[in-house]
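One structure below.
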Amino acid sequence: MKVSIEINGTTVSEEVEDRTLLVHFVREQAGLTATNIGCDTTSCGACTVLLDGESVKSCTVLAAQADGHRVTTLEGLRGEGGDLHPVQRAFREEHGLQCGFCTPGMIMASVSLLDHNPKPTRQEVRDGLEGNLCRCTGYHNIVNAVMNASGQEVQR
Amino acid sequence: MSIVGTRVVRVEDHQLITQGGTYVEDLRVEALTGAVHAMFVRSPVAHARVTVDASAALEAPGVVAVYTAADLDLAPHKAGPVVEPWLADGVVRYVGEPVALVLTEERYQLADAAELVDVDYDPLDVVASIDAALSDETVLFPDQGTNTLQTTGGEFDDKAFDDCEVVVTKTILNQRVAPAPLEVRGAACAWGDDGRLTLWLSTQNAQISRATVAKGLGVDAKDVRVITPDVGGGFGAKIGTDPESVVLGWASKRSGRPIRWVETRSENLVAMTHGRAQQNTVTIGGRRDGTVLAFRLEVVQDAGAYPRTMFLPTLTELMATGVYHFPKVETSSRAVVTNTTPIAAYRGAGRPEATAAIERAMDLFAAEIGVDPAEVRRINFIRPEEFPYTSPTGASYDTGEYAKALDKVLEAGGYAGLRAEQARRRESGDPVALGLGIATYVEITGGDSGGESGRLLINPDGSVTAYTGSSPHGQGLDTTLTMLLSDQLGVPMERITVRHGDTDEVPRAIGTFGSRSLQLGGSALRQAADQVIDQARALAADRLEASPDDVELVDGAFQVRGAPASGSVTWAQLAEEAELTADVWFGDGSPTFPFGAHLAVVEVDTLTGKVVLKRIIACDDAGPIVNPLAFQGQRHGGLGQGAAQALLEVMNYDADGNPTTATLADYSFVTAPELPDFELVDSETPTTRNLLGVKGIGEAATIGSTPAVHNAVVDALSHLGVRHLDMPTTPLRVWQALTEARKAN
Numbered sequence: 001m002k003v004s005i006e007i008n009g010t011t012v013s014e015e016v017e018d019r020t021l022l023v024h025f026v027r028e029q030a031g032l033t034a035t036n037i038g039c040d041t042t043s044c045g046a047c048t049v050l051l052d053g054e055s056v057k058s059c060t061v062l063a064a065q066a067d068g069h070r071v072t073t074l075e076g077l078r079g080e081g082g083d084l085h086p087v088q089r090a091f092r093e094e095h096g097l098q099c100g101f102c103t104p105g106m107i108m109a110s111v112s113l114l115d116h117n118p119k120p121t122r123q124e125v126r127d128g129l130e131g132n133l134c135r136c137t138g139y140h141n142i143v144n145a146v147m148n149a150s151g152q153e154v155q156r
Numbered sequence: 001m002s003i004v005g006t007r008v009v010r011v012e013d014h015q016l017i018t019q020g021g022t023y024v025e026d027l028r029v030e031a032l033t034g035a036v037h038a039m040f041v042r043s044p045v046a047h048a049r050v051t052v053d054a055s056a057a058l059e060a061p062g063v064v065a066v067y068t069a070a071d072l073d074l075a076p077h078k079a080g081p082v083v084e085p086w087l088a089d090g091v092v093r094y095v096g097e098p099v100a101l102v103l104t105e106e107r108y109q110l111a112d113a114a115e116l117v118d119v120d121y122d123p124l125d126v127v128a129s130i131d132a133a134l135s136d137e138t139v140l141f142p143d144q145g146t147n148t149l150q151t152t153g154g155e156f157d158d159k160a161f162d163d164c165e166v167v168v169t170k171t172i173l174n175q176r177v178a179p180a181p182l183e184v185r186g187a188a189c190a191w192g193d194d195g196r197l198t199l200w201l202s203t204q205n206a207q208i209s210r211a212t213v214a215k216g217l218g219v220d221a222k223d224v225r226v227i228t229p230d231v232g233g234g235f236g237a238k239i240g241t242d243p244e245s246v247v248l249g250w251a252s253k254r255s256g257r258p259i260r261w262v263e264t265r266s267e268n269l270v271a272m273t274h275g276r277a278q279q280n281t282v283t284i285g286g287r288r289d290g291t292v293l294a295f296r297l298e299v300v301q302d303a304g305a306y307p308r309t310m311f312l313p314t315l316t317e318l319m320a321t322g323v324y325h326f327p328k329v330e331t332s333s334r335a336v337v338t339n340t341t342p343i344a345a346y347r348g349a350g351r352p353e354a355t356a357a358i359e360r361a362m363d364l365f366a367a368e369i370g371v372d373p374a375e376v377r378r379i380n381f382i383r384p385e386e387f388p389y390t391s392p393t394g395a396s397y398d399t400g401e402y403a404k405a406l407d408k409v410l411e412a413g414g415y416a417g418l419r420a421e422q423a424r425r426r427e428s429g430d431p432v433a434l435g436l437g438i439a440t441y442v443e444i445t446g447g448d449s450g451g452e453s454g455r456l457l458i459n460p461d462g463s464v465t466a467y468t469g470s471s472p473h474g475q476g477l478d479t480t481l482t483m484l485l486s487d488q489l490g491v492p493m494e495r496i497t498v499r500h501g502d503t504d505e506v507p508r509a510i511g512t513f514g515s516r517s518l519q520l521g522g523s524a525l526r527q528a529a530d531q532v533i534d535q536a537r538a539l540a541a542d543r544l545e546a547s548p549d550d551v552e553l554v555d556g557a558f559q560v561r562g563a564p565a566s567g568s569v570t571w572a573q574l575a576e577e578a579e580l581t582a583d584v585w586f587g588d589g590s591p592t593f594p595f596g597a598h599l600a601v602v603e604v605d606t607l608t609g610k611v612v613l614k615r616i617i618a619c620d621d622a623g624p625i626v627n628p629l630a631f632q633g634q635r636h637g638g639l640g641q642g643a644a645q646a647l648l649e650v651m652n653y654d655a656d657g658n659p660t661t662a663t664l665a666d667y668s669f670v671t672a673p674e675l676p677d678f679e680l681v682d683s684e685t686p687t688t689r690n691l692l693g694v695k696g697i698g699e700a701a702t703i704g705s706t707p708a709v710h711n712a713v714v715d716a717l718s719h720l721g722v723r724h725l726d727m728p729t730t731p732l733r734v735w736q737a738l739t740e741a742r743k744a745n
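Below, the structure written as structure tokens:
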């Protein structure tokens, strides 16, 4: 079937198998490889992208379901002048990543979290990121990154 | 001013936060054009005779090839004393063992084709536990005659505990866990027209992988190039390479096609090596005043189906006595094979198991004599004046300040106040019990006693390229090494590039594991930079018409000591004149012994068994800190991963050897809401065993946090009669322990 998805402002139209997952469409058809696959049970969140502005785990969405919709991935997060998104900047400043594999999904989930709750408490950040697994950081600095991005105090 | 010791954000991060990393699955290099996709067909049963019929699969859409053991013309390889087949050859011995390899044109054709590989499994009796293995009722490798494939020590003194007023003994399970890096295993490979294999591999050490793959394929090491792209975590399980990579290299040659392979998470959880899996029996005896007089540790290592890593139980023996000076010590170990996934290194590899055993033993002893666990530890610590200290098991500790580390965390945590709060809750009958857990640890880093390579080049424009044999995968070592070199050479960080993980660029190296990278890889680059500075100083002396001894490097330029006005020469000027380069092997691989103390605070709901980790206060001393940002990051990660083992992680098998935690829906990673903010206490005790005075930090916090959290849970229940329960301390297990204690009372 033919699927057309606006990804990071550019429409990608490709003929794909019906069963193609959105994450594979993003990686293979659109050639955007920041979005990672970490599990096969929708548990880890490494594949989190924004679909019409809402975070989804793109390994559990068929490309066909996103047909005609708008997807934002990590690559599309920077501003027009190439400026880092506040969440990207904060992840770097707070050492919110180590190996970087969970990071694209973690950043996209954090963007969505702050869209819904611009001034979360640390506990709200922890609860909000429950669906995104990180094996490296122990989460402490990821929470700091989200607090920093929201203009709040961090605990170094 | 020196940037060493200051918080520098990572040079690695820009790419990772804007475009993502280039992990092996992201590679879009020309050599992989037209690559086929690969999937291993894996055994769904634990022990069976197998016959494979690939004919139906070969007819499936897009199938390029299906290979089985019958096709492979590779010499077999050994796992310990037994042969581990590349693909199952007649018998499978664990769920997840590779049976066949399927190659297809498109990724989505893989699973369809793999399902059509017709494998007949004729079940054999299963050895699914250590006890079953020790009984030898069923023997996995009949030629061996037993499942116990390695034995050390065990000649125990019957009178060892005769002088003790109190003796406690307990068998403590250090459960099997899955390293499970977030990026699963993956590889890509292609043979060039020059007859060389290029293998892109998610590994912690390209050079060891190259040796393994070349040996497996029966080719010369120079005919294999291994490249590590970005690696999404390793935690010890990506040391070197697994048999799959050899099979892929062979299949690429046989099929004449480049290959891409990435496993699924479910495959990863059954086919990547697991960690821990020890059953440790401790016997501890001493006086009622808290002095320990004798300690015995008996290790039984579940090695899994193929004993790939037999150093784990002996390393546990080596570190058996931890931070304590005991007059009498005895250890033994046995390693057994079972019908489960092979066991290998996982963050700490042998040391967490030792620490968990001794730190539980100290608490058991403290509980028996009714003395506070902190006090029992203080009484038995090795004293600062005893260093260097050779332990009864032969470990040569460099430096340590064990009592200081413990005092620091107890003070930072408000230990006395917490004990008072615990007493108050107990008196009031509060169903939510407070538990305090202490673990004081020493660990060994760079314990393989190997060295590491470092090569440095000053480019004609004065920029620097450094090649390290270390192979970071999230530790931030690029930044740390860049900081050290910037400091030493006076060259700005942005003018320094650190390269690693390509065997053509760095042919000789050992890589990243055992927390060795900074102390050995860093020392190697320090040494290389020293040599380059000497070369440059000689050249500069000619230009400045001075003796080399009078020339000094100040802010990246050479000048005559005490006479800056007489002119200076830059790195670029000197590099134009002559090649400034050094290639060294830092061979003084003496291990170092980082140490620390952790205090964990938990709340346990005695009605439901639910455990909440409220606080964890950690002192981890690994000598001088180069970059506090990376240093803290390693500690955070270690604390989280170590606490997770105590609280919830376990790789479970049923009696038939079926893994019951083979997806992330079943295998519990710790999530953000389950961890508290970490409270870090700093301490720096340098070592004399390398040029930087540093010890490793990659595994330390994992080693301390597991017993601290474990002890805290037991402590919370101690007033109800619980002396011990095994990890993970899940609600069910806590509730069962409470039920048993109530019955006993």
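Sequence order for the protein chains is A and B.
Numbering of the first sequence is given in the UniProt record's numbering, commencing with residue 1 and proceeding in unit increments.
Numbering of the second sequence is given in the UniProt record's numbering, commencing with residue 1 and proceeding in unit increments.
The beta-carbon is built from N, C-alpha and C at its ideal position, and this holds for glycine as well.
| query | result |
| --- | --- |
| At a Cβ threshold of 8 Å, is N36 (chain A) touching chain B? | yes |
| Does any CB atom of chain A fall closer than 8 Å to the CB of F669 (chain B)? | yes |
| Only counting the same chain, and skipping five residues up and downstream in sequence, which positions put a Cβ closer than 6 Å to that of T146 (chain B)? | D136 |
| Would you report the Cα separation of G587 (chain B) and L22 (chain A), rounded to the nearest angstrom? | 50 Å |
| Would V82 (chain B) and F141 (chain B) be called neighbours here (beta carbons separated by less than 8 Å)? | yes |
| Using 8 Å for Cβ pairs, my map puts S252 (chain B) next to W200 (chain B). What's the rounded Cβ distance? | Incorrect: roughly 12 Å between the Cβ atoms, too far for contact. |
| Under the three-state reduction of DSSP, which class applies to A349 (chain B): helix, strand or coil? | coil |
| Take N268 (chain B) and list the residues in its own chain whose beta-carbon comes closer than 6 Å to its own, dropping the five residues that flank it on each side. | V184 |
| Closer than 8 Å, Cβ to any Cβ of chain A: which residues of the segment 35-58 of chain B, in chain order? | none |
| For S568 (chain B), which beta-bridge partners are listed by DSSP? | B:Q559 |
| Which same chain residues, not among the five before or five after G451 (chain B), have their C-beta less than 8 Å away from its C-beta? | I510, L520, A524, W585, F586, G587, D588 and G589 |
| Leaving aside the five residues before and after D666 (chain B) along the sequence, list all residues of the same chain whose C-beta is less than 8 Å from its C-beta, in chain order. | T660 |
| Measuring only the C-alpha atoms, how far is Q207 (chain B) from A214 (chain B)? | 11 Å |
| So which residues on chain A does Q475 (chain B) lean against when the C-beta distance must stay under 8 Å? | Q98 |
| Could you work out which residue in B:P591, B:S266 and B:A716 is closest to R419 (chain B) when comparing CA atoms only? | B:A716 |
| Between V498 (chain B) and D478 (chain B), which are expected to be in contact by the criterion C-beta below 8 Å, what is the C-beta distance as a whole number of angstroms? | 5 Å |
| Whose C-beta lies closer than 6 Å to the C-beta of A277 (chain B) among residues of the same chain, with five residues either side of it excluded? | R176, D302 and I343 |
| What first and last residue would you give for the alpha helix (DSSP H) that runs through D478 (chain B)? | L477 to L489 |
| Taking the straight line between their C-alpha atoms, what separation do you get for R351 (chain B) and S547 (chain B)? | 51 Å |
| Could you check whether the Cβ of E494 (chain B) sits closer than 8 Å to any Cβ belonging to chain A? | no |
| Are at least three pairs of beta-carbons, each pair with one atom in the segment 699-709 of chain B and one in the segment 615-622 of chain B, less than 8 Å apart? | yes |
| So, is the C-beta of G21 (chain B) closer than 8 Å to a C-beta in chain A? | yes |
| Just curious, the alpha helix (DSSP H) that P123 (chain B) is in, first and last residue? | Unbroken run through P123 (chain B) is the beta strand (DSSP E), D118 to P123; no alpha helix (DSSP H). |
| Name the chain A residues whose beta carbon is nearer than 8 Å to that of R10 (chain B)? | R92 and H95 |
| Can you list, in chain order, the residues of its chain with a C-beta nearer than 6 Å to that of R296 (chain B)? Leave out the 5 residues immediately preceding and following it. | T283 and E330 |
| Tell me whether the beta-carbon of L725 (chain B) lies closer than 8 Å to the beta-carbon of V714 (chain B). | yes |
| How about R126 (chain A) and F669 (chain B): are their beta carbons less than 8 Å apart? | no |
| From what residue to what residue does the alpha helix (DSSP H) around Q98 (chain A) run? | Element bounds for Q98 (chain A): n/a, residue is neither H nor E. |
| H636 (chain B) touches chain A at which residues, Cβ-Cβ below 7 Å? | T137, G138, H140 and N141 |
| Over what stretch of residues does the beta strand (DSSP E) that includes E298 (chain B) continue unbroken? | V292 to D302 |
| Whole angstroms is fine: what's the gap from G501 (chain B)'s alpha carbon to K57 (chain A)'s? | 32 Å |
| Give, in chain order, every residue of the segment 27-51 of chain A whose Cβ lies closer than 9 Å to some Cβ of chain B. | R27, E28, G31, L32, T33, A34, T35, N36, I37, G38, C39, D40, T41, T42, S43, C44 and A46 |
| Taking K78 (chain B) as the reference, give the member of B:A305, B:M39, B:E30 and B:S2 with the closest Cα. | B:A305 |
| Does R424 (chain B) get closer than 8 Å to chain A when you measure Cβ to Cβ? | no |
| Would the beta-carbon of V650 (chain B) fall within 8 Å of that of P591 (chain B)? | no |
| Assuming G216 (chain B) is part of the alpha helix (DSSP H), what are its boundary residues? | A206 to L217 |
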